[in-house]
Amino acid sequence: MLDKPAKSTNWPTRNLKPARPLDDIEPVQFHSDATFRSARGEWLRMIHRQGDPAFANMAAVCFIASGRMSFAKRAVCFADQNEIAAELGWGVATVRRALDLAVAWGWLTKVRRPLTTNEYRLSFSRSVWATIELEFTNRMTAWKLEAAKKRIARDAFRSIRSDHMETSDMSEPCDQVRSNGAIRSDHLSSSGSTSDDPPQPSTERLGEGEQDIGDEHEEKKAGHDVIAMLGRGDMVEGQRIASSLAPARLAYMIDLAEREGIVAAATAIVAARAAASPAH
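Sequential numbering of the sequence shown, starting at 127, is according to the working numbering.
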């Protein structure tokens, strides 16, 4: 059998240079060491925001080249391709292509002086800079809108679950109602009680209903305080407040903490519940 030809490992190359030569390239302006460092930082940020991962080599070479520049050197450096290749562990041809790409996009400009071949200075293209700024703004705006939608949906879900849990707490069946909805017969067979008995007057004093509502509000507020304090790491204060809450509210808070992934909070609330009711 004939041996199969070795499979080529060369990836298809892309032309990463601009569609047309740029005619609006100008040097980066600065007038002191501080303004040079600031301008160089903004220049590097714009290169990284160019977006395409294929520009990673160009960005790395620009970072190294700009690190060898200073205000005293008028933002000019000698980019020895062999030295950069040794520093990055790349081939010299890879470094050369990255430098050529940086020149094509206007990020570096070759210094035209006699007997110089590898001297570069910081520069930029106004049209490229404006395009990158616009695309970056659009990306961040889209991300913020998507994050806001997710946050609103998450908050709505939490609110619905919270309302559902509170409704479940208030509508728990009494002792005389079985789990399947059947009514126990003990209150029907009690001596001296018939369906014709007149209703017994309420023994609740005026204002007790309002007091219960106020207590429930304070208990709900305390529950939020517990979650907040445990989230900040104040376990002692959180357990102190949790120990004063009703068992139903503590059970709801444990469920909430577990759903939110606050494992430490759930553990601390469980400990507080055990401390509040040692009989259980």
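Just so you know, even glycine gets a beta-carbon here, dropped at the ideal spot from N, CA and C.
_Residue of 159, 157, 182, 228 minimising C-alpha distance to residue 147_ = Residue 147 sits at position 21 when you count from the first residue of the sequence shown. The residue with the shortest Cα to Cα distance from residue 147 is 228.
_Can you find the residues in the same chain that come closer than 7 Å, C-beta to C-beta, to residue 187, ignoring five residues on each side of it along the sequence?_
By 1-based counting over the sequence shown, the position of residue 187 is 61. Taken in chain order, the residues that qualify are 210, 221, 224, 225, 228.
*In angstroms with no decimal places, state the Cα-to-Cα distance between residue 237 and residue 197.*
For this step, residue 237 is matched to residue 111 along the sequence shown. For this step, residue 197 is matched to residue 71 along the sequence shown. Their backbone Cα atoms lie some 16 Å apart in a straight line.
*Cα separation between residue 381 and residue 219?*
For the purposes of this step, residue 381 is taken as residue 255 along the sequence shown, with counting starting at 1. For the purposes of this step, residue 219 is taken as residue 93 along the sequence shown, with counting starting at 1. Those two C-alpha atoms are separated by around 60 Å.
_Identified DSSP bridge partners for residue 246_ = By one-based count along the sequence shown, residue 246 stands at place 120. 203, 236, per the DSSP bridge assignment.
*Tell me whether residue 147 sits in a helix, a strand or coil according to DSSP, three-state version.*
Within the sequence shown, residue 147 is the residue found at index 21, counting from 1. It is coil, neither helix nor strand.
*Given a threshold of 16 other Cβ atoms within 10 Å of its Cβ, counted over all protein chains shown, does residue 235 qualify as buried or as exposed?*
Taking the first residue of the sequence shown as position 1, residue 235 is located at position 109. Buried, by the Cβ-count rule.
*Go through its chain and collect everything with a Cβ distance to residue 251's Cβ below 6 Å, but skip five positions before and after it.*
Taking the first residue of the sequence shown as position 1, residue 251 is located at position 125. So the qualifying residues of the chain are 148, 150, 151, 232.
*Taking buried to mean at least 16 other C-beta atoms within 10 Å of its own C-beta, is residue 163 buried or exposed?*
If you number the sequence shown from 1, residue 163 lands on position 37. Residue 163 comes out exposed.
*Residue range of the alpha helix (DSSP H) that residue 225 falls in?*
Sequence index remark: in the sequence shown, residue 225 carries index 99 (1-based). It spans 218-230 - the alpha helix (DSSP H) in which residue 225 sits, taken as one unbroken run.
*Measure the CB-CB distance between residue 142 and residue 180 and report whether it falls below 7 Å.*
Taking the first residue of the sequence shown as 1, we reach residue 142 at position 16. Taking the first residue of the sequence shown as 1, we reach residue 180 at position 54. Closer than 7 Å, so yes.
*Could you give the DSSP three-state label for residue 251: helix, strand or coil?*
Here residue 251 is taken as the residue at index 125 of the sequence shown, counted from 1. If DSSP states are grouped into helix, strand and coil, residue 251 belongs with the strands.
*For residue 367, which option in 353, 156, 144, 281 has the closest C-alpha, if you only look at C-alpha atoms?*
If you number the sequence shown from 1, residue 367 lands on position 241. Measuring from the Cα of residue 367, the nearest candidate turns out to be 353.
*Just the C-alpha distance for residue 347 and residue 283, rounded to the nearest angstrom, thanks.*
The residue given as residue 347 occupies position 221 in the sequence shown. The residue given as residue 283 occupies position 157 in the sequence shown. For residue 347 and residue 283, the distance between alpha carbons rounds to 19 Å.
*First and last residue of the alpha helix (DSSP H) that includes residue 170?*
As a working mapping, residue 170 is identified with position 44 in the sequence shown. Here the alpha helix (DSSP H) through residue 170 covers 159-174.
*Work out the CA separation of residue 202 and residue 159 for me, nearest whole Å.*
As a working note, residue 159 is residue 33 in the sequence shown. As a working note, residue 202 is residue 76 in the sequence shown. Taking the straight line from one Cα to the other gives about 14 Å.
*Which stretch, first to last residue, makes up the alpha helix (DSSP H) that contains residue 189?*
Reading the sequence shown from its first residue, position 63 is the one you call residue 189. 182-193 is the span of the alpha helix (DSSP H), which, as asked, contains residue 189.
_Using 8 Å for Cβ pairs, my map puts residue 106 next to residue 173. What's the rounded Cβ distance?_
Residue 106 falls outside the range modelled here, since the chain spans only 127 to 406, and no answer is possible.
*asked:* Distance check for residue 372 and residue 364, CA to CA, integer angstroms please.
replied: Translated into the one-based positions of the sequence shown, residue 364 becomes position 238. Translated into the one-based positions of the sequence shown, residue 372 becomes position 246. C-alpha separation (whole angstroms): 15 Å.
*Roughly how many angstroms lie between the CA atoms of residue 199 and residue 192, to the nearest whole one?*
For the purposes of this step, residue 199 is identified with residue 73 of the sequence shown, where counting begins at 1. For the purposes of this step, residue 192 is identified with residue 66 of the sequence shown, where counting begins at 1. Their Cα atoms are separated by approximately 11 Å.
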